[in-house]
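S.K.: Residue numbers (our numbering): 62 to 294. Virtual Cβ for every residue (Gly too), placed ideally from N, Cα, C. Input: one structure, supplied below.
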């Protein structure tokens, strides 16, 4: 009876043949109900947050992670190259490191906001996420946390710049660049830029863990993850 109910719930998303295949592939003795699906998706996101986002808060969590390392904005790439060309590589490296340190500080503000969003997942949300793309859960989280996270990250990044004297370092870096003959002066809003890059890094790492759980059965480390994600295999 429960299998029939599950078929009816998911009917709008599958054809009859696909539904029968899903039912046939359910683990024995592990019928999945609506609550299980929602809890399974919540757990997958919680694992992603705990396993991946927490790493970004560590020293070099951004700076030594090529997936999320923050480099200069496009309009300032020439600053980095020019400084290195004239023997100021150490100054350029320090400038990049400070951008990434600020992001690492800011991400510490993310977990409570993510936890609140995860708790709010409904069955309808979970159903759409489960049957969606490999990053559907991350997209859901992005849509429900991005604005609040930006408002949390931005002042932390600004304060981080001030705390370590980044404003002075960047003023020195940009001033020296702008004093080079025949160079067009630049004056970027680095706080906004690093905030946006920090957000992108957070969602990148959550998406990475989500894809692992979706595509690798060995990454489904709990019973509920195995039962729920069997539905999308």
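Who are the Cβ neighbours of residue 190 in its own chain at under 7 Å, not counting the five residues just before and after it?
M.R.: Taken in chain order, the residues that qualify are 102, 197, 198 and 201.
S.K.: Using CA coordinates, which residue listed in 263, 126, 271 and 152 is at the minimum distance from residue 235?
M.R.: Distances from the CA of residue 235 to each of 263, 126, 271 and 152 were compared; the closest alpha carbon is that of 152.
S.K.: So residue 168 packs on residue 263, CB below 8 Å; how close in whole Å?
M.R.: Yes, residue 168 and residue 263 are in contact; Cβ-Cβ is about 6 Å, under 8 Å.
S.K.: On the DSSP letters alone, give me the boundaries of the alpha helix (DSSP H) that residue 124 sits inside.
M.R.: Here residue 124 belongs to no alpha helix (DSSP H), and DSSP marks it neither H nor E.
S.K.: By a C-beta neighbour count over all protein chains shown, 10 Å radius and 16 as the cutoff for buried, is residue 243 buried or exposed?
M.R.: exposed
S.K.: Indicate, with yes or no, if the ligand HEM has a heavy atom lying under 7 Å from the CB of residue 236.
M.R.: Only the bare structure without any ligand can be found here, which leaves the ligand HEM out of the picture.
S.K.: When you compare each of 279, 192 and 166 to residue 220 by their alpha carbons, which one comes out closest?
M.R.: 166
S.K.: Classify residue 99 as helix, strand or coil using the three-state DSSP reduction.
M.R.: Here residue 99 sits in helix by DSSP.
S.K.: Taking the alpha-carbon of residue 156 as reference, which of 176, 171 and 132 has the nearest alpha-carbon?
M.R.: If we check each option's Cα against that of residue 156, 132 comes out closest.
S.K.: Please confirm if the segment 282-294 is in contact with the segment 100-114, defined as three or more CB-CB distances below 8 Å between the two stretches.
M.R.: Yes, the segment 282-294 is in contact with the segment 100-114.
S.K.: Where does the unbroken alpha helix (DSSP H) through residue 194 begin, and where does it stop?
M.R.: No alpha helix (DSSP H) holds residue 194; DSSP gives it neither H nor E.
S.K.: Kindly indicate the opening and closing residues of the alpha helix (DSSP H) around residue 9.
M.R.: Past the edges of the chain, shown from 62 to 294, lies residue 9, and the structure says nothing about it.
S.K.: Among 143, 141, 144 and 172, whose alpha-carbon lies nearest the alpha-carbon of residue 113?
M.R.: 172
S.K.: Grab me the residues of residue 254's own chain with a C-beta within less than 7 Å of its C-beta, minus the 5 sequence neighbours each way, in chain order.
M.R.: 134
S.K.: Once you ignore the five residues that flank residue 256 on each side, which residues in its own chain have a CB closer than 8 Å to its CB?
M.R.: 167, 211, 214, 215 and 218
S.K.: So, for residue 268: in the same chain, excluding its five sequence neighbours on each side, which residues have a beta-carbon less than 6 Å away from its beta-carbon?
M.R.: 196 and 199
S.K.: Span of the alpha helix (DSSP H) holding residue 289?
M.R.: 284-290
S.K.: Output needed for residue 76: all residues of its chain with C-beta closer than 6 Å, excluding positions within five of it in sequence on either side, in chain order.
M.R.: Confidence in residue 76 is poor, its pLDDT being 38 and thus under 50, which makes the residue's placement unreliable; the coordinate value appears in the next sentence. Same-chain partners within the cutoff: there are none.
S.K.: Which residue comes first and which comes last in the alpha helix (DSSP H) that contains residue 256?
M.R.: Taken as a continuous stretch (DSSP letters only), the alpha helix (DSSP H) holding residue 256 covers 251-276.
S.K.: Under the three-state reduction of DSSP, which class applies to residue 93: helix, strand or coil?
M.R.: Residue 93 falls in the coil class under three-state DSSP.
S.K.: Taking the C-alpha atoms as reference points, what is the distance between residue 252 and residue 224?
M.R.: The C-alpha of residue 224 is placed about 14 Å away from the C-alpha of residue 252.
S.K.: Are the CB atoms of residue 288 and residue 97 nearer to each other than 8 Å?
M.R.: yes
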